[in-house]
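For the first sequence, this note's numbering gives the first residue as 17, with consecutive numbering after it. Virtual Cβ for every residue (Gly too), placed ideally from N, Cα, C. No experiment lies behind these values; they were computed from the predicted model shown. Below is one structure, written out as structure tokens; the observations come after it.
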Amino acid sequence: MQGPKGTYDVLPGDQLLRRKVIEQAEAIFGAAVYGRINTPAFEETELFVRGVGKSSDIVRKEMYTFEDKGGRSLTLKPEGTAPVVRAYVQHGMHKLPQPVKLWYYERMYRFERPQAGRFREHYQLGAEAIGSSEPALDAELIMMLSELYESLGVPEVELRLSSMGDSSCRPAYIEKLKGYLEGISGELCHDCQERTKLNPLRVFDCKNSACASLLADAPKLIDNLCDSCQEHFDAVRGFLDLFDRNYRIDGTLVRGFDYYTRTTFEYECARLGAQKGIGGGGRYDNLVEEVGGQPTPAAGFGTGLERIVLALESAGVTGQEMGVDVFFIILSSEAREAAALAMHRMRGVGIAADADYAGRSAKGQMKQANRLNARFAVIIGEDEIALGVATVKDMGTSGQEQVKMDVLLDYLQERVNS
RNA sequence: GUGGAUGUAGCUCAGCUGGUAGAGCUCCGGAUUGUGGUUCCGGCGGCCGCGGGUUCAAGUCCCGUCAUCCACCCCA
Numbered sequence: 017m018q019g020p021k022g023t024y025d026v027l028p029g030d031q032l033l034r035r036k037v038i039e040q041a042e043a044i045f046g047a048a049v050y051g052r053i054n055t056p057a058f059e060e061t062e063l064f065v066r067g068v069g070k071s072s073d074i075v076r077k078e079m080y081t082f083e084d085k086g087g088r089s090l091t092l093k094p095e096g097t098a099p100v101v102r103a104y105v106q107h108g109m110h111k112l113p114q115p116v117k118l119w120y121y122e123r124m125y126r127f128e129r130p131q132a133g134r135f136r137e138h139y140q141l142g143a144e145a146i147g148s149s150e151p152a153l154d155a156e157l158i159m160m161l162s163e164l165y166e167s168l169g170v171p172e173v174e175l176r177l178s179s180m181g182d183s184s185c186r187p188a189y190i191e192k193l194k195g196y197l198e199g200i201s202g203e204l205c206h207d208c209q210e211r212t213k214l215n216p217l218r219v220f221d222c223k224n225s226a227c228a229s230l231l232a233d234a235p236k237l238i239d240n241l242c243d244s245c246q247e248h249f250d251a252v253r254g255f256l257d258l259f260d261r262n263y264r265i266d267g268t269l270v271r272g273f274d275y276y277t278r279t280t281f282e283y284e285c286a287r288l289g290a291q292k293g294i295g296g297g298g299r300y301d302n303l304v305e306e307v308g309g310q311p312t313p314a315a316g317f318g319t320g321l322e323r324i325v326l327a328l329e330s331a332g333v334t335g336q337e338m339g340v341d342v343f344f345i346i347l348s349s350e351a352r353e354a355a356a357l358a359m360h361r362m363r364g365v366g367i368a369a370d371a372d373y374a375g376r377s378a379k380g381q382m383k384q385a386n387r388l389n390a391r392f393a394v395i396i397g398e399d400e401i402a403l404g405v406a407t408v409k410d411m412g413t414s415g416q417e418q419v420k421m422d423v424l425l426d427y428l429q430e431r432v433n434s
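As structure tokens, then:
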């Protein structure tokens, strides 16, 4: 037996770095006053079809959709934004002071072919700010991610920035692009000919070098923004400059969800393989309305925990080991009881304590204490029981002394906390 | 969905032109009695992914299948 394709277990040793990332994210998001939200693992399928978009690959072929016993069509969430927006609408959060700022740490599900940094179940950290069209908010979100990567030590991070325009400039641009593509249709690859009909913007994702050179001269959305979108974009750039955040404007950056408008951005880590996009997001001013709420501007991002961890590992970053303060060395059957009671009391005051349960020899138990990196070994055997003491050995200095059982707790508490 | 590589002890791997398996690490024990981190010695541990086929004989050749990895694609 083994876990399902594309899934993995997070063993104790794997938890260390992950916890570091999560704690750092919580601190940074909290400092920007984002409140945590959890949404269900599954939603009505319709939410994603309307939110993410019918023409997206995710909806077309990557969703874990199933029917429950009540005949409802449900889908394990493939992304985090639509569920958060649904919650915003459902709970009438438009009546709260705007914008409403939320962050999440959740599992996402996509039926994909697993690869380095790509899984069928993966974890994302994300944030959404709903209810404001202020460009400073776009910048705030971008900077939160930037700070997260930097504070953790993610190496070789690059930011790409673009704008998707809005309903007043994108449709006209798409027609213009379509016209251009149809003119060179014969020279494009098969996929791009398909994209021309379905979602022309996606041709810029084509890795085919022949297409790439042909598309170099194609009109870019970034050069065809309406005045208000251009103004918004310039304002966002102004804030990024203010923060000295380097970025590259990339008119070919097209995110895979249909809900994006105006600002879009993506962080990449050059250390990673093909799946080097570690986080991305943007503005989605039409999504709230799409999901059934009032027209409400919003922006957000998602970042992949696994990819951050992979990037950190490539840079040699590690997490904090679990600490053991005291390890009991039990050398006789009567000692077991005395040790159990002393250990119980220590744990009660927050001292991390453990003992041998494997029937190891005295030498083996010392070895285990060393392996756990215990600060003290408390040895209890026949001699100690007879005298009513415990032998406490400082594993760092190798010095040891006998301590009366009734003051053992105080003795260790004092030294552990120093 | 497409292409390539790989699948041998818990982990990392060796096993040449076919003759029923090895190393290192880990783990347990020992090197004079109840004491760690070095060293030495010993031990535990393997349906050689699974199913067929060829052969007197297959981990080693052939086919299939599953899984993993990498890339396409897509995205976190």
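Inter-residue Cα distance where the pair is Thr413 and Leu425: Cα-Cα distance, rounded: 20 Å.
Other residues of its chain near Leu177: CB distance less than 6 Å, five sequence neighbours each side excluded: Excluding its 5 nearest sequence neighbours in each direction, Leu177 has C-beta neighbours in its own chain below 6 Å: Tyr263, Ile265, Phe281, listed in chain order.
Whole-angstrom C-beta distance between Leu168 and Val37, which should lie under 8 Å: With a Cβ gap of about 6 Å, Val37 and Leu168 count as contacting.
Separation of Ala43 from Glu334, as counted between CA atoms: A small correction: the amino acid at residue 334 is Thr; Glu does not occupy that position in the sequence shown. Answer to the nearest angstrom: the Cα atoms are 19 Å apart.
Cβ-based burial, Gly29 [other Cβ within 10 Å; buried from 16]: Exposed.
Cβ-based burial, Ala354 [other Cβ within 10 Å; buried from 16]: In the assembly as shown, Ala354 is a buried residue. Its beta-carbon has 16 or more other beta-carbons within 10 Å.
Helix, strand or coil at Gly298 [DSSP, three-state]: DSSP, read as helix, strand or coil, puts Gly298 in strand.
Residues near Leu241 in its chain [Cβ-Cβ closer than 8 Å; skip 5 each side]: Setting aside the 5 residues that flank it on each side, Leu241 is surrounded in the same chain by Ser179, Gly181, Cys185, Phe249, each with a C-beta closer than 8 Å to its C-beta; the list follows chain order.
Three-way DSSP call (helix, strand, coil) for Cys205 in this model: Cys205 falls in the coil class under three-state DSSP.
Strand pairing of Ile265, partner residues [DSSP]: In the DSSP secondary-structure assignment, Ile265 is bridged to Leu177.
Nearest residue (CA-CA) to Met362, options Asp422, Ala378, Gly332: Measuring C-alpha to C-alpha distances from Met362 to each of Asp422, Ala378, Gly332 identifies Asp422 as the nearest.
Cβ-based burial, Tyr373 [other Cβ within 10 Å; buried from 16]: In this structure Tyr373 is exposed. Its beta-carbon is surrounded by fewer than 16 other beta-carbon atoms within 10 angstroms.
CA-to-CA distance, Glu144 to Tyr104, given in whole angstroms: Approximately 10 Å, taken between the alpha carbons.
Residue burial classification, His107 (beta-carbon count within 10 angstroms, cutoff 16): Under this definition His107 is an exposed residue.
The alpha helix (DSSP H) enclosing Lys15, as first and last residue numbers: Because the chain is modelled from 17 through 434, residue 15 falls outside the range shown and cannot be assessed.
CB of Ala371 within 8 Å of CB of Ile401, strictly: Annotated as distal: Ala371 and Ile401, with beta-carbon spacing of 8 Å or more.
Proximity below 8 Å, CB of Gln140 to CB of Gly320: Yes, Cβ-Cβ distance for Gln140 and Gly320 is below 8 Å.
For Glu122 and Asn54, believed in contact at Cβ under 8 Å, the rounded distance: The C-beta separation of Asn54 from Glu122 comes to about 7 Å, placing the pair in contact by the 8 Å criterion.
Buried versus exposed, by CB contacts within 10 Å (16 or more), His138: By the neighbour-count rule (16 or more Cβ atoms within 10 Å), His138 is buried.
Straight-line Cα distance separating Glu59 from Gly46: Gly46 and Glu59 have their C-alpha atoms spaced approximately 27 Å apart.
Buried/exposed call for Gln437, threshold 16 Cβ in 10 Å: No answer is possible for residue 437: it lies beyond the span of the chain, which begins at 17 and ends at 434.
Sequence-distant residues of its chain with Cβ nearer than 8 Å to Gln310 (five each side left out): Same-chain partners within the cutoff: His110, Val304.
Option in Arg391, Ala98, Gln114, Met159 with minimal Cα separation from Asp257: Ranked by how close their Cα comes to the Cα of Asp257, the residues Arg391, Ala98, Gln114, Met159 have Met159 in first place.
For Gly332 and Met382, the rounded distance between their alpha carbons: Going by the C-alpha atoms only, they are around 30 Å apart.
Length at least 4, wholly inside the stretch 355-390: the alpha helix (DSSP H) runs in chain order: Listed in chain order, the complete alpha helix (DSSP H) runs (minimum 4 residues) inside the stretch 355-390 are 378-387.
Where the alpha helix (DSSP H) containing Asp410 begins and where it ends: Premise fails: Asp410 lies in the beta strand (DSSP E), 405-410, not in any alpha helix (DSSP H).
Under the three-state DSSP convention, the category Lys21 falls into: In the structure shown, Lys21 adopts coil according to DSSP, grouped into three states.
Collapsed DSSP secondary structure at Tyr50 in the structure displayed: It is coil, neither helix nor strand.
8 Å contact criterion, which Gly436 and Lys236 should meet: CB distance rounded: Outside the modelled stretch of the chain, which goes from 17 to 434, sits residue 436, for which no answer is possible.
For Cys285, the nearest candidate out of Ser330, Pro115, Ser149, Ser72 (CA to CA): Selection Ser330, Pro115, Ser149, Ser72 evaluated against Cys285 yields Ser330 as nearest (Cα-Cα).
For Ser71, the three-state DSSP class (helix, strand or coil): Ser71: coil per DSSP, three-state reduction.
Where Ala232 falls, given that 16 or more other Cβ within 10 Å makes a residue buried: With fewer than 16 other Cβ atoms within 10 Å, it is exposed.
Whole runs of the alpha helix (DSSP H) within the stretch 289-336, excluding any shorter than 4 residues: Counting only runs that start and end inside the stretch 289-336, the alpha helix (DSSP H) elements of at least 4 residues fall at 303-306, 321-330.
C-beta atoms of Arg278 and Arg299 nearer than 8 Å: Against a cut-off of 8 Å, the Cβ pair of Arg299 and Arg278 comes out as a contact.
Spatial neighbours of Arg102 in its chain, beta-carbon cut-off 6 Å, leaving aside the 5 residues before and after: Excluding sequence neighbours, Arg102 sits near Leu63, Val307.
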